[in-house]
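**Student:** Okay, so the sequence shown: first residue is 802 according to the numbering used here, each after it adds one.
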Amino acid sequence: MQPIHILLLIAIYFGILLLISYFTGKNAGNDAFFKANRQSRWYVVAFGMIGASLSGVTFISVPGWVEASQFSYMQVVFGYLAGYFIIAYVLMPIYYKLNVTSIYQYLEQRFGIVSYKTGAFFFFISRVLGASFRLYLVAIVLQQYIFDEWKIPFEITVILSILLIWIYTYRGGIKTIVWTDTLQTLFMLLAVGMAIYYINDQIGWSFSELLASEELKSYNKIFFLDNFLAKNHFFKSFIGGMFITICMTGLDQDMMQKNLTCRNIKEAQKNMVSFSLVLIVVNFIFLLLGALLFIYAERFGISIPAMDGKAKTDLLFPEIAIQGELGIVLAISFILGLVAAAYSSADSALTSLTTSFCVDFLNIEKKNKEHQTVIRKKTHIGMSILLILVIIVFKHVLTENVISNLLTVATYTYGPLLGLFAFGIFTKYKIHDTYTWIVALASVLIIIGISKIPAELLWGYQIGYELLPLNGLITFIGLVLIRRK
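1. Could you give the residue range of the alpha helix (DSSP H) that holds L1030?
2. Report the option in F1158, K1168, S862, W1260 whose CA atom is closest to the CA atom of Q1054.
3. In or out: G1102 buried (at least 16 other Cβ within 10 Å) or exposed?
4. Any idea what DSSP makes of K1111, helix, strand or coil?
5. Expressed to the nearest angstrom, what Euclidean distance is found between the alpha-carbon atoms of N1001 and S1014?
6. Spell out whether any CB of chain B is found under 8 Å from the CB atom of V1194.
7. Run the CB neighbour count on V915, radius 10 Å, all protein chains shown included, and call it buried at 16 or more, exposed below.
8. Do you know offhand how far A1211's Cα is from F922's?
9. In this structure, what does DSSP give as the bridge partners for R1284?
10. Rounding to the nearest angstrom, what Cα-Cα distance links F1195 and L961 in this structure?
11. Could you give the first and the last residue of the continuous alpha helix (DSSP H) run that contains Q1173?
12. How would you label W1260, buried or exposed, when you count the other beta carbons within 10 angstroms and need 16 or more for buried?
13. Touching or not, the region 858 to 877 and the region 1009 to 1024, by the rule of three or more beta carbon pairs under 8 Å?
14. Going straight from the alpha carbon of I947 to that of G880, what length do you get?
15. Taking the alpha helix (DSSP H) that G1265 falls in, what are its first and last residues?
16. In the DSSP assignment, find the alpha helix (DSSP H) that holds V942 and state where it starts and stops.
17. Which stretch, first to last residue, makes up the alpha helix (DSSP H) that contains M1049?
18. Let me know the secondary structure DSSP gives Q985 once reduced to three states.
19. Might you give, ordered along the chain, the residues of its own chain that have their beta carbon closer than 8 Å to the beta carbon of N1033, omitting 5 neighbours on each side?
20. So what does DSSP say about N1021, is it helix, strand or coil?
21. Helix, strand or coil for F1008? Go by DSSP, reduced to three states.
22. Should the region 884 to 894 be regarded as contacting the region 1056 to 1073, the criterion being three or more beta carbon pairs within less than 8 Å?
23. Compute the Euclidean distance between the alpha carbons of V1175 and N1164, then round it to the nearest angstrom.
24. Considering Cα atoms alone, identify which of I851, Y1230, I1123 is closest to L1078.
25. Report the three-state DSSP secondary structure of L820 (helix, strand or coil).
26. Check each candidate in L964, P894, V867 and name the one with the smallest Cα separation from I1182.
27. Which residues in the same chain as A1069 place their Cβ atom closer than 6 Å to its Cβ, once the five residues preceding and following it in sequence are excluded?
28. Judging by CA-CA distance, which residue of A889, E956, L908, W951 is the nearest neighbour of V1191?
29. Taking all protein chains shown into account, decide if T1046 is buried (16 or more other Cβ within 10 angstroms of its Cβ) or exposed.
30. Count the other CB atoms, across all protein chains shown, that sit within 10 Å of the CB of Q910; report buried if there are 16 or more and exposed otherwise.
31. In chain order, what residues of the same chain lie with their CB nearer than 7 Å to the CB of L1301, ignoring the 5 residues before and after it?
32. Would V1130 be called buried (16 or more neighbouring beta carbons within 10 Å of its own) or exposed?
33. Between the Cα of P1270 and the Cα atoms of P1255, Y1262, S1244, V939, which residue gives the shortest distance?
34. Looking at L1280: is its Cβ nearer than 8 Å to the Cβ of F1227?
35. Below 8 Å on the Cβ atoms is my contact criterion, and I expect I1248 with G1220 to pass it. Report the Cβ-Cβ distance as a whole number of Å.
36. Helix, strand or coil for G884 per DSSP?
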């Protein structure tokens, strides 16, 4: 597939998004931008959240991770399921009862202004890094298969990517995203289904023959129970996955902003439960695709693509879909799926960052109506520029698989949020609010220190995703120490 064809396809796709934006952004004020007027249908939100949760990281990086980790990621996914139920029946009732725009307003009501700003700050850092990871993935694919041939710098690729998101979200905000996410989820799932079908057909297998094949058995081990010291042990992965979901969805303004657009708490809970069950099946299919990609590459002598002289398994899927011999239909479906996967999370991240900064730091709800829209639009531009800068930095510092980097960063940045919300929900203590930021910062520094301890000093124990709940626990203990009598 030629670069010009890929670019034309992306242009058509964004034309559809702009059309959706036009209709959903009509007469859209700040209430529509931040809350979609609380009129979203739960099943529309649930379907759209599949794409937003998976993003380009799952679309490209999870299949690319299979060679190194087999299907062990499913252990984390089972933990996700437990986490979604906790969100639905513990956290969401609190948010709906308080009728918040930003979920961190709960911390202000519970503890005070410093706790509120601390929580909002850690979300802000978390979401900037998370959104940048996701957009970095799509940017390197576009660079590899389109813009390198035209000698266009990576920085220009990133600017164009962010500009497209800004164009279709600046008016309607979350009201637009609820609907664009639905379209993007559909494209992403179709792309995965088409890829499995075409690769199977090229190998000469049916789907049942794939599942029964000897080649698959070398990749499809799910449960790792034999060595508790290992990083991928089931218990550590399950607990880590549960807390990653609680933090990256339940304590994350980006993901919860969509849930808060539902009409009432009952519909929001239906959305969360149905979405979490479907997500298990979808993640398994992505892992199955990953195994199939490596089997296909080995059979037909396809080497792992390299970027800047380093092999990147994240690029194996696009290499086979775009550059392989599987036909134009798969190439088209892959491009649509990739762009949909990347932008389904990135557009909502840009909107949630704008919401959080406006509400949590600029106190937009206390400004007069005339200035609110101006503040929101300027902030939207500022967040776009920030994402561009961070993605460009990533090109020069990232070395590992992207999903591994993403989950590692989450263990550092979401821990203080976990500790703050847990202390607020499960105790009745007040705290010396002034010291909250010191507790949160100290917790992150301690966790970074722990993560650097070599396994040989811990009798071979490899630290994994359990750092996140440990981070929350340290924050919780710190809040106990600064409680008021």
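We put the CB at the ideal spot given by N, CA and C, even for glycine.
**Tutor:** Reading off the structure:
1. Under the DSSP assignment, L1030 falls outside any alpha helix (DSSP H); it carries neither an H nor an E label.
2. Comparing Cα positions, the closest option is F1158.
3. With fewer than 16 other Cβ atoms within 10 Å, it is exposed.
4. It is a strand residue.
5. Each residue's Cα considered, the two are about 11 Å apart.
6. Among the chains of the structure shown, chain B does not appear; only one protein chain is present.
7. So V915 counts as buried.
8. Put simply, the backbone Cα of A1211 is about 14 Å away from that of F922.
9. Per the DSSP secondary-structure output, R1284 pairs in a beta bridge with I1232.
10. Looking at the backbone, the Cα of F1195 and that of L961 are separated by about 17 Å.
11. Start and end: 1170 to 1198.
12. With fewer than 16 Cβ atoms within 10 Å of its Cβ, W1260 is classed as exposed.
13. In short, these stretches touch, since the Cβ pair count reaches three.
14. Cα to Cα, I947 sits roughly 38 Å from G880.
15. From DSSP, G1265 is part of no alpha helix (DSSP H); its letter is neither H nor E.
16. In the DSSP assignment, V942 falls within the unbroken alpha helix (DSSP H) covering 914 to 943.
17. Where M1049 is concerned, there is no enclosing alpha helix (DSSP H), because DSSP gives it neither an H nor an E.
18. DSSP, read as helix, strand or coil, puts Q985 in helix.
19. A distance below 8 Å between beta-carbons, with the five flanking residues on each side excluded, links N1033 to the following residues of its chain, in chain order: S870, S873, Q876, F1025, G1265.
20. The DSSP-derived three-state label of N1021 is coil.
21. Helix, per DSSP.
22. Pairwise C-beta distances place the region 884 to 894 in contact with the region 1056 to 1073, as three or more of them are shorter than 8 Å.
23. The alpha-carbon atoms of V1175 and N1164 are separated by roughly 13 Å.
24. Taking L1078 as reference, the option from I851, Y1230, I1123 with the minimal CA-CA separation is I851.
25. The three-state secondary structure of L820, taken from DSSP, is helix.
26. Cα-wise, what sits closest to I1182 is L964.
27. The answer, listed in chain order, is M893, N1060, C1063.
28. Comparing Cα positions, the closest option is E956.
29. With 16 or more other CB atoms across the displayed protein chains lying within 10 angstroms of its CB, T1046 is buried.
30. Classification for Q910: exposed.
31. Look at the range of the chain in this structure, 802 to 1286, and you will see that residue 1301 is not part of it.
32. Burial call: exposed.
33. With respect to the C-alpha of P1270, the residue from P1255, Y1262, S1244, V939 having the closest C-alpha is S1244.
34. Taking 8 Å as the Cβ cut-off, L1280 and F1227 do not qualify as a contacting pair.
35. Taking C-beta atoms under 8 Å as the contact rule, I1248 and G1220 fail to qualify, at a distance of about 11 Å.
36. Correct three-state label for G884: helix.
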